[in-house]
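Mapping of the sequence shown onto UniProt numbering: residues 1 to 126, in sequence order. Using N, Cα and C, we set each Cβ at its ideal position, and we do this for glycine too. For clarity, every value in this text was computed on a predicted model and none was experimentally measured.
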Amino acid sequence: MCLISINILWPRVFTMFLYDSLAGNSGLSTIQVNRQHPLGLAAARLAAEAIAQDMSESYQLDCEWADEEETELRFRGSGVHGSLMLDENSLRLEVHLGLMLLPVRSVLEQEILDYVSNRLPCPNRA
């Protein structure tokens, strides 16, 4: 069995005044995926590079490492942005959806889970 978790975080207040500068990020929904992996940091970086290449080609997202240690990969595209954070044994993916993508959030969640499951092996459990 593989440990994968996904969380939906709704903004505190959803407002109809989307153009109000005080509204901030009220029009965004965040999808979080946390996943354990047995790869170690170096191999996880290689997997993240492959994921970035796929995202760039398939979804026209711009991807770049946010730090020198290459533990946080940031991505941005039309109506979406987020980051992929790595350590020795886990991955954390955070995706922020714009208003136009909210209606397809559940479809995107499932695609993200399927993609992560296919790209990263689960740790062996005794």
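Helix, strand or coil: which one does DSSP assign to residue 27? Walking along the sequence shown from the start, residue 27 turns up at place 27. For residue 27, the predicted model reports a pLDDT of 37, less than 50, meaning its position is unreliable; a value from the coordinates is still stated below. It is coil, neither helix nor strand.
Nonlocal neighbours in the same chain, by C-beta distance under 7 Å from residue 36, ignoring five residues either side: As a first step, residue 36 is located in the sequence shown; it is residue number 36 there, counting from the start. The answer, listed in chain order, is 3, 89, 90, 123.
Identify, in the order they occur along the chain, each residue of the same chain with its Cβ nearer than 6 Å to the Cβ of residue 83, setting aside the five sequence neighbours on each side. Locating residue 83 in the sequence shown gives position 83, where the first residue counts as 1. Closer than 6 Å at Cβ, skipping near neighbours: 72, 74, 94.
How about residue 56 and residue 102: do their beta carbons lie closer than 8 Å? One-based indexing of the sequence shown puts residue 56 at position 56. One-based indexing of the sequence shown puts residue 102 at position 102. No.
Looking only at its chain, what residues have a beta carbon closer than 8 Å to the beta carbon of residue 105, apart from the 5 residues adjacent to it on each side? Here the question's residue 105 lines up with position 105 in the sequence shown. Closer than 8 Å at Cβ, skipping near neighbours: 8, 29, 31, 97.
Whole-number beta carbon distance between residue 47 and residue 119, since they are thought to touch under 8 Å: As a first step, residue 119 must be located in the sequence shown, where it is residue number 119. As a first step, residue 47 must be located in the sequence shown, where it is residue number 47. Contact holds; Cβ gap of about 6 Å.
Please work out which residues of its chain come closer than 7 Å, Cβ to Cβ, to residue 64, disregarding the five sequence neighbours upstream and downstream, and give them in chain order. By 1-based counting over the sequence shown, the position of residue 64 is 64. Excluding its 5 nearest sequence neighbours in each direction, residue 64 has C-beta neighbours in its own chain below 7 Å: 74, listed in chain order.
Residue 62 - partner residues in DSSP beta bridges: Residue mapping note: residue 62 aligns to position 62 of the sequence shown, counting from 1. Paired residues: 76.
Under the three-state DSSP convention, the category residue 91 falls into: As a working note, residue 91 is residue 91 in the sequence shown. Strand, per DSSP.
On the DSSP letters alone, give me the boundaries of the alpha helix (DSSP H) that residue 111 sits inside. Indexing the sequence shown from 1 puts residue 111 at position 111. Residues 105-119.
Alpha-carbon to alpha-carbon, residue 67 and residue 114: Counting from one through the sequence shown, the residue named residue 114 turns up at place 114. Counting from one through the sequence shown, the residue named residue 67 turns up at place 67. Here the alpha carbons of residue 67 and residue 114 stand approximately 27 Å from one another.
Skipping 5 residues on each side, what residues in its chain have a beta carbon closer than 8 Å to that of residue 38? What you label residue 38 is simply residue 38 of the sequence shown in a count that begins at 1. Taking residue 38 as the centre and dropping the five residues before and after it, the same chain places the C-beta of 89, 121, 122, 123, 124 closer than 8 Å to its C-beta, in chain order.
At the level of alpha carbons, what is the spacing between residue 109 and residue 80? As a first step, residue 109 is located in the sequence shown; it is residue number 109 there, counting from the start. As a first step, residue 80 is located in the sequence shown; it is residue number 80 there, counting from the start. Distance between the alpha carbons of residue 109 and residue 80 is about 13 Å.
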